[in-house]
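Worksheet: the structure to be examined is printed underneath.
Number of protein chains: 2
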Amino acid sequence: MEQNSISDISRSLIEIAWHFGPKGLNGECCEDLTMPEFIALDKVSTTSNCAVQDVGYSLGFTKSGATRIVNRLKKKGYVHKVKSHEDARICCVEITESGERVLASANSRYLKQFHVIAAKMPEHSLTDTVKVLTAMANALKG
Amino acid sequence: MEQNSISDISRSLIEIAWHFGPKGLNGECCEDLTMPEFIALDKVSTTSNCAVQDVGYSLGFTKSGATRIVNRLKKKGYVHKVKSHEDARICCVEITESGERVLASANSRYLKQFHVIAAKMPEHSLTDTVKVLTAMANALKG
DNA sequence: AAAAAATGGTTGACGTCATCAATTAAAAAG
DNA sequence: CTTTTTAATTGATGACGTCAACCATTTTTT
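Dropping the structure here:
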């Protein structure tokens, strides 16, 4: 039997997921934003007339979980909720100025972290690394 | 101002972290194993005389959290705890047969997922992708 | 050798967070 | 106009990790 039963690729993927995931970056993406909140806020900022459930869908949450995360963002002042004019059931979530700021801040923290890591990969160019990661992310969506 | 404030690299990293992270793979790594439990079990399997705190360290948990995750794995029958002979304070965590099995199973699930994704990246060879990810994981450790 | 400090581990109280099931309100379908 | 579907919310619940206090053992100090 081999040294251990976990392959290098699995371990690498986990390492990356763990580092850049909910527990990485000191457990918080930026300021008082958790990772799911970051993703939710990004979804809100890039979706026009973003319904509460749209947020939940992008996270793989139930609609109940969606309500809760949106309310958390609202309490923090990063979004506000507006009733839709077309359909009074729908609640449109919109990002605030403060939300934009924290999103940009989280982004720069991610970027900085990434460059620190990329600098420690002498055998790979930054652009190649970026290309692979981007392609991978696209493959995940498609 | 640009379309949105989040860069592509950040978004890609998050996408990958989210997909292969705690919420990915249907919320569970394998069988009844959560992501942190998977990492903990891997740590146990690759560390001889693995103390409870060693597990905690690899996850960035406090020693209290380490105790809890080890106990959870124990309850599931994937590890057992043995008092160290050299130091009676230390509690060595050892993987069981059942633990080895579930670890291998989790690994194959990760591997399968990865190959599905890699197959959707026509412009990158599998080996190149693996190389970049491995280098990145190594950079994270160092 | 005795006392004090440090170390490994555990436990109770707590806060956070997402789910489930039930509920309300509004729109669509019949 | 009644029935069904859909969007959102809420109370109860369970999982999980932290903090602080604690016990036991080892190491350091004097």
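For the protein sequence lines, the chains are L and R, in the order given. Every position in the first sequence, counted from 1, becomes a number in our numbering once 1472 is added. Every position in the second sequence, counted from 1, becomes a number in our numbering once 1472 is added. Virtual Cβ for every residue (Gly too), placed ideally from N, Cα, C.
- Of the candidates L:Glu1558, L:His1587, L:Lys1603, L:Glu1558 places its Cα closest to the Cα of Asn1521 of chain L.
- Within chain L, Asn1579, Leu1583 have C-beta atoms less than 7 angstroms from the C-beta of Ser1479 of chain R, given in sequence order.
- Per DSSP, the beta-bridge partners of Lys1553 of chain R are R:Val1565.
- DSSP links Ala1523 of chain R through a beta bridge to R:Cys1564.
- Non-local beta-carbon contacts of Val1527 of chain L in its own chain, meaning distances under 7 angstroms to residues more than five positions away in sequence, involve Ala1512, Lys1515, Val1516, Ala1538, Ile1541, Val1542, Val1565 in chain order.
- Across the set R:Glu1572, R:Lys1546, R:Arg1573, R:Leu1575, the C-alpha of R:Lys1546 shows the shortest separation from the C-alpha of Cys1563 of chain R.
- By the neighbour-count criterion, in which a residue is buried when 16 or more other Cβ atoms sit within 10 angstroms of its Cβ, Ser1556 of chain R is exposed.
- Residues of the region 1542 to 1560 of chain R that bring their beta carbon within less than 7 angstroms of a beta carbon in chain L are absent altogether.
- Under a 10 Å Cβ-count criterion, Arg1561 of chain L is classified as exposed, with fewer than 16 other Cβ atoms of the shown protein chains found around its own Cβ.
- Cβ neighbours of Met1507 of chain R within its own chain (closer than 7 angstroms, five residues either side excluded): Gly1493, Pro1494, Cys1501.
- Taking the CA atoms as reference points, Thr1599 of chain L sits about 14 angstroms from Ala1607 of chain R.
- Nearest CB-CB separation between Ser1482 of chain L and chain R: below the 8 angstroms threshold.
- Asn1579 of chain R is positioned such that its CB atom lies no closer than 8 angstroms to that of Ser1484 of chain L.
- Interface with chain L (8 angstroms Cβ-Cβ cutoff): Glu1569 of chain R is excluded.
- Apart from the 5 residues on each side of it in sequence, Tyr1550 of chain L sits with its Cβ closer than 7 angstroms to the Cβ of Leu1513, Ile1567, Thr1568, Ser1570, Gly1571, Val1574 in its chain, given in chain order.
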